[in-house]
Amino acid sequence: MLKGITRIGECEWEVPIGYVPDMRVPGRFFLSDELAPSLEEGAVRQLAHVATMPGIVKYSLAMPDIHWGYGFPIGGVAAFDMETGVISPGGVGFDINCGVRLMTTPLTADEIASNKREVIEAVFRAVPTGVGSRSSVTISSGELDRMMVKGAAWAVEHGFGLEADLACCEEQGCMQQADTAAVSGKAKTRGMPQLGTLGSGNHFLEFQVVAEVYDEAAAAAFGVEVGQVCIMIHCGSRGLGHQVCTDHLKVLEQAARRYQIQLPDRQLACAPLTSPEGEAYFKGMACAANYAWANRQMIMHSTRKVMEKMYDIDYEDMPLVYDVAHNVAKREEHMVDGRRRQLCVHRKGATRAFGPDCHDVPERYSGVGQPVIIPGSMGTSSYLLHGTETAMVRTFGSTCHGAGRVLSRTKAKKMMRGQDVRARLLKRGIYVRAHHDSAIAEEAPESYKPSDEVVNVVNAVGISRPVARLEPLGVIKG
Amino acid sequence: MGIEQLDHTADVLIRVSGDTLDDLFEEAARAMFQVIFPAHPAEPHDRRETAARVHTFTTESDDIDSLLHDYLSELLFISDAEGVVFSRFSVKVRDTSLVCTAEGEPFDPEKHGGGMEIKGISYSGLHIIKKHGAHVVDILFDV
């Protein structure tokens, strides 16, 4: 382990005050011995930097998929007091409400085995992907405004889904604080033609099979069983969210100086939650988050339409299990040292993992906990977990968000050729579709930490519990 | 003048250098568009035929590092909003403002696909320094 870090549990480590100057609270992160060698000093430094920000409560936290990002580390979680704390785009990222959703189908892996390639090609045609992709849906700027206010509900009202889908989204797919006045014309210009597009980089749409169930009762509540085909969608708020971040980052960078907030990294630019600048960012961020929920809803709709036609199954028989955000800041109430407190919880590459009795857990999952969806990389397992009371106590109701990269894109491309990775995965029965092979090399399984070990750690710490493991059958790469 | 890709686990980190600030800013734009459109490498100003799309804009910021950030963000916006693949840049920096003329062509998925969208330009570590008479900066692009 890196110098200056103290082990305080089997999978828990503390970054003491003083690791970098001006820390207000210690840092804490969760990591097993197996994952420890992949820890980067840069990520720990970023974790410590977050601890210097005004109004931070208890700890600057990081989940076991911690890695070096910008501003916050990826996997970072920090809660700020609503009265004395700050809000920062550096704790959310450019891709506001990048997130994951999982839907089930009534099909088994055997039933799609004979035409898996055809169905993936059909979905690939239905969902625009890659750099420069444009939506097949045209909307007016007035509609875009309504969509940013209503989120996933806007999509459902326009025929892109079911009323029941909404209950299975974090925040019901809509942050109420959205105010389109906080979204620039530039952001709207970018957002309008990209609705319902997947994007590029690590975004994907994957066909999976439930390979193993660990918790029968929870799996039954979530509607999953062994052998069943599920579809996972990973994407965010597209150019609209990127522009909202860019616009407000500039404002908050100047505001931080005006409010005399000393920061070790300009990307941590922030303003008091109660300031006009802080409130404006929050409202704009909520608009982008709502855009992302509508976006994933529309991609799921296009996928359902393909499945409906190809397999003669009912649209209603492909329910949404859940949709989680993993780049967002939210106003939440948490118990801190026996006291109920209003906090702004930033999760950057981290997932909310509310326990069984929490507010905002769908009624049908009460008694189990909020579903948590952890995507693996192209060739590795993904997991469905549930949130726990321990997460509420220890991590402001948060857990990991994915496998976490270990290889840079440059190294991955040097080490592997996309066509080889594609061929290798095909031998294992995984059909990969992308516009170009280079996208496949960058996202090769070797580029990521093993998702199994990341899940083992969150299970060992108790901040979420595995419900089922899903294995890839085919993937569309953005 | 140069573009060197450095190692960064999650995102794309590029070291850019230029003899003058004008050179540095032009080179930074080339580096950015090579990430987004690798199949269509951006070239120095005088190597190509007149491009089909030309955009001229001005940017003003509080300091030189912010100017680089805001200028690249503006290019990113124009490229995404207008669907233009920029390949030639002419920049004149004056204190903390600049005028840029960027030339390119309309995006064509067949010709320009296969790259990675850049979500934003990070302020992390974005600090222009002078080294051996040249201007050097490390730019972290979120992809």
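Chains as they are written, first to last, in this note's numbering: chain Z, 1 to 478; chain R, 479 to 621.
Cβ atoms here follow ideal geometry from the backbone N, Cα and C, with glycine treated the same way.
This one's a predicted model, so the numbers in the text were calculated from it and none came from an experiment.
Looking only at its own chain, which residues have a Cβ that is under 7 Å from the Cβ of Z/Lys283, when we skip the five neighbours before and after it?
Gln177, Ala178, Asp179 and Ala182
Please confirm whether Z/Cys230 has its beta-carbon closer than 7 Å to some beta-carbon of chain R.
No, Z/Cys230 lies away from the interface with chain R (no Cβ there is under 7 Å from its Cβ).
Along chain R, in chain order, which residues have C-beta atoms closer than 9 Å to that of Z/Lys477?
Those do not exist, as Z/Lys477 stays about 11 Å from chain R at its closest Cβ, beyond 9 Å.
What does the Cβ neighbour count give for Z/Ala269, buried or exposed, with the cut at 16 atoms within 10 Å?
Classification for Z/Ala269: buried.
Would DSSP call Z/Glu316 helix, strand or coil?
helix
So does the stretch 69-86 of chain Z actually touch the stretch 335-352 of chain Z, counting three or more Cβ pairs closer than 8 Å?
These segments touch.
Taking the CB atoms as reference points, tell me whether Z/Val372 and Z/Thr410 lie closer together than 7 Å.
no
By how many angstroms is the C-alpha of Z/Val336 removed from the C-alpha of R/Arg493?
If I take the Cα positions, the gap works out to 44 Å.
Based on the DSSP secondary-structure assignment, which residues constitute the bridge partners of R/Asp586?
In DSSP, R/Asp586 forms no bridge with anything.
Flag Z/His49 as yes if its beta-carbon sits less than 7 Å from any beta-carbon of chain R, otherwise no.
no
Below 7 Å between beta carbons: does that hold for Z/Ile476 and Z/Leu205?
yes
First and last residue of the uninterrupted beta strand (DSSP E) at R/Lys608
Ile607 to Lys609
Start and end of the alpha helix (DSSP H) containing R/Ser557?
For R/Ser557, the uninterrupted alpha helix (DSSP H) segment begins and ends at Ile542 to Glu560.
For chain R, is any of its Cβ atoms less than 7 Å away from the one on Z/Thr246?
It does; some Cβ of chain R falls within 7 Å.
Same chain, Cβ closer than 8 Å to Z/Ser275, neighbours up to 5 away in sequence not counted
Ala255 and Tyr259
Assign Z/Glu363 to buried or exposed, taking buried as 16 or more other Cβ atoms, counted over all protein chains shown, within 10 Å of its Cβ.
By the 16-neighbour rule on beta-carbons within 10 angstroms, Z/Glu363 is exposed.
For R/Gln483, return the contacting residues in chain C, with the cut-off set at a CB-CB distance below 7 Å.
Looking for chain C here will not work: the only protein chains present are Z and R.
Could you tell me whether the Cβ atoms of Z/Ala126 and Z/Val306 are closer together than 7 Å?
yes
With DSSP run on the structure shown, which of helix, strand or coil describes Z/Val461?
helix
Give, in chain order, every residue of the stretch 265-281 of chain Z whose Cβ lies closer than 8 Å to some Cβ of chain R.
Asp265, Arg266, Gln267 and Ala269
For Z/Ala62, collect the residues of the same chain with a Cβ closer than 6 Å to its Cβ; drop the 5 residues on either side in sequence, then sort them by chain order.
Taken in chain order, the residues that qualify are Phe29, Leu47, Pro73, Gly75 and Gly76.
Any C-beta of chain Z under 7 Å from that of R/Tyr549
no
With a cut-off of 8 Å on the beta carbons, I'd call R/Ile596 and R/Leu554 a contact; round off their distance for me.
6 Å
Relative to the C-alpha of Z/Gly122, which residue among Z/Gly199, Z/Leu320, Z/Asp22 and Z/Thr303 is closest?
The question names Gly, yet the displayed sequence has Ala at residue 122 of chain Z. Z/Thr303 is the residue among Z/Gly199, Z/Leu320, Z/Asp22 and Z/Thr303 whose C-alpha sits nearest the C-alpha of Z/Ala122.
Give me the residue from Z/Gly55, Z/Glu163, Z/Arg146 and Z/Gly349 with the minimum Cα distance to Z/Leu320.
Z/Glu163
Taking 7 Å as the CB-CB cut-off, is R/Gly592 touching chain Z?
yes
Considering only DSSP beta bridges, list what Z/Thr399 is partnered with.
Beta-bridge analysis with DSSP links Z/Thr399 to Z/Thr351.
Roughly how many angstroms lie between the CA atoms of Z/Ala221 and Z/Phe354, to the nearest whole one?
Looking at the two C-alpha atoms, the distance is approximately 16 Å.
Across the stretch 311-325 of chain Z and the stretch 198-218 of chain Z, are there enough close Cβ pairs to call them in contact, namely three or more that are closer than 8 Å?
Fewer than three pairs of CB atoms, one per stretch, sit closer than 8 Å, so the stretch 311-325 of chain Z makes no contact with the stretch 198-218 of chain Z.
Simplified DSSP state of R/His523, which is helix, strand or coil
Low per-residue confidence applies at R/His523: pLDDT is 48, beneath 50, and the placement is therefore not dependable enough to give any value.
Please confirm whether R/Asp524 has its beta-carbon closer than 7 Å to some beta-carbon of chain Z.
Since pLDDT at R/Asp524 reaches only 48, below the 50 mark, its modelled position is unreliable, and the value read off the structure follows with that caveat. Cβ-Cβ to chain Z under 7 Å: no for R/Asp524.
DSSP three-state assignment for Z/Tyr322, whether helix, strand or coil
strand
Z/Ala74 touches chain R at which residues, Cβ-Cβ below 8 Å?
A small correction: the amino acid at residue 74 of chain Z is Ile; Ala does not occupy that position in the sequence shown. Within chain R, the residues near Z/Ile74 are Ala488.
Do you know offhand how far Z/Asn251's Cα is from R/Ile617's?
Here the sequence assigns Val to residue 251 of chain Z, which means Asn is not the residue at that position. If you take the alpha carbons of Z/Val251 and R/Ile617, they lie about 20 Å apart.
First and last residue of the uninterrupted alpha helix (DSSP H) at Z/Val149
Ser141 to Lys150
Which residues in chain Z have a C-beta closer than 7 Å to the C-beta of R/Val621? List them in chain order.
Gly201
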